[in-house]
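Enquirer:
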Amino acid sequence: MSVHATARIVADRTGLPVLTSDGPLALRRTRSTGPHQRVTVVGAMSAPLGGDRLAVEADVRDGARLTVDAAAATIALPGPTGEHARHDVTLSVGEDAELHWLPQQLIVARDSDLGMHTRVRLAPTARLVLREEQILGRHGEEPGTLTSRLTVHRAGRPLLDTELACGPGAPGGWDGPAVLAGHRAVGQLLVVDPAYEGRPAEPRPLGATAALTPLAGPAVLVTAVAADALALRRVLADAQQGLLARLHR
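Here you go:
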């Protein structure tokens, strides 16, 4: 039997007035150092399975600071009927608010079929750090099918709209030299900060399989592929540390 569940977070200057868990999406208020409230997503059961419809909504209101992370990786698994699963994320960040969205890896197991769409709405003075990491198959396993889209609007205008489809159900070429080139870990890091309006970052490679690209707005996008989850995390973590250090100088 498929699961339909929506978890919701609201953060404001006073704390976390709304923290609603649902089904396999268990939200826990966890200790944080610094000004950010912190919420950790703890998987209450295996999900998403084929046919599941999962959603997470986070509303960071004016002046609030929130970090959302996860206790463990998410594993997309096939269900008994072979149905398509969905996992949608909706994020809203208000004026002078800040969100660090840092989930653990998404692992797409063999024979699974998952569609994921992350939608972000940012106020003009909002700040965002968003990391996505997708691992195609468990160790020694062929991947399932994944379609992942990230859509970001700032001040009501499009900032980024990117989509990746991979696995046996994806259009041909996904594993060729122009896309993954045989790598099984892919990820991106998006940093949005009004400070970039005055001093945009320079585009540059980050090693052999990653690149930093300034966007047409106060934002930087790092994209990377790697042989495995550990190598991917290392590249994105180093990039995040360097970008935030530069902003705080």
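So in my numbering, the last spot in the sequence shown is 1306, and the numbers never skip. A virtual CB, placed ideally from N, CA and C, is assigned to each residue, including glycine.
Count the other CB atoms within 10 Å of the CB of V1075; is the residue buried (16 or more) or exposed (fewer)?
Expert: So V1075 ends up on the exposed side.
Enquirer: Determine the DSSP secondary structure at D1369, reduced to helix, strand or coil.
Expert: Given that the chain is displayed from residue 1058 to residue 1306, the structure contains no residue 1369 and the question cannot be resolved.
Enquirer: Might you give, ordered along the chain, the residues of its own chain that have their beta carbon closer than 8 Å to the beta carbon of L1225, omitting 5 neighbours on each side?
Expert: Residue identity check: residue 1225 is Pro in the sequence provided, not Leu. Close CB contacts of P1225 within its chain, under the 8 Å cut and outside five residues either way in sequence, are with E1199, P1200, G1201, T1202 (chain order).
Enquirer: Please report the distance separating the alpha-carbon of H1210 from that of G1139.
Expert: 34 Å
Enquirer: What do you get for Q1094, buried or exposed, if any count of 16 or more other CB atoms within 10 angstroms of its CB means buried?
Expert: So Q1094 ends up on the buried side.
Enquirer: Helix, strand or coil: how does DSSP classify A1183 here?
Expert: Looking at A1183 - three-state DSSP - the assignment turns out to be coil, as it is neither helix nor strand.
Enquirer: Output the distance between the C-alpha atoms of G1107 and R1256, rounded to the nearest integer angstrom.
Expert: 45 Å
Enquirer: Would you mind sorting L1123 into buried or exposed? The rule is 16 or more other CB atoms within 10 Å of its CB.
Expert: buried
Enquirer: Count the other CB atoms within 10 Å of the CB of L1163; is the residue buried (16 or more) or exposed (fewer)?
Expert: buried
Enquirer: If I follow the unbroken beta strand (DSSP E) through R1085, where does it start and stop?
Expert: From DSSP, the beta strand (DSSP E) with R1085 extends over 1082 to 1086.
Enquirer: Whose C-alpha, out of V1067, P1275, A1284, A1154, is nearest the C-alpha of P1092?
Expert: A1154
Enquirer: Alpha carbon to alpha carbon, how far is G1197 from T1208? Give it in angstroms, no decimals.
Expert: If I take the Cα positions, the gap works out to 32 Å.
Enquirer: Excluding the 5 residues flanking A1068 on each side, which residues of the same chain have their C-beta closer than 6 Å to its C-beta?
Expert: Q1094, V1117, A1121, L1123
Enquirer: In whole angstroms, what is the alpha-carbon distance linking L1082 and R1110?
Expert: 11 Å
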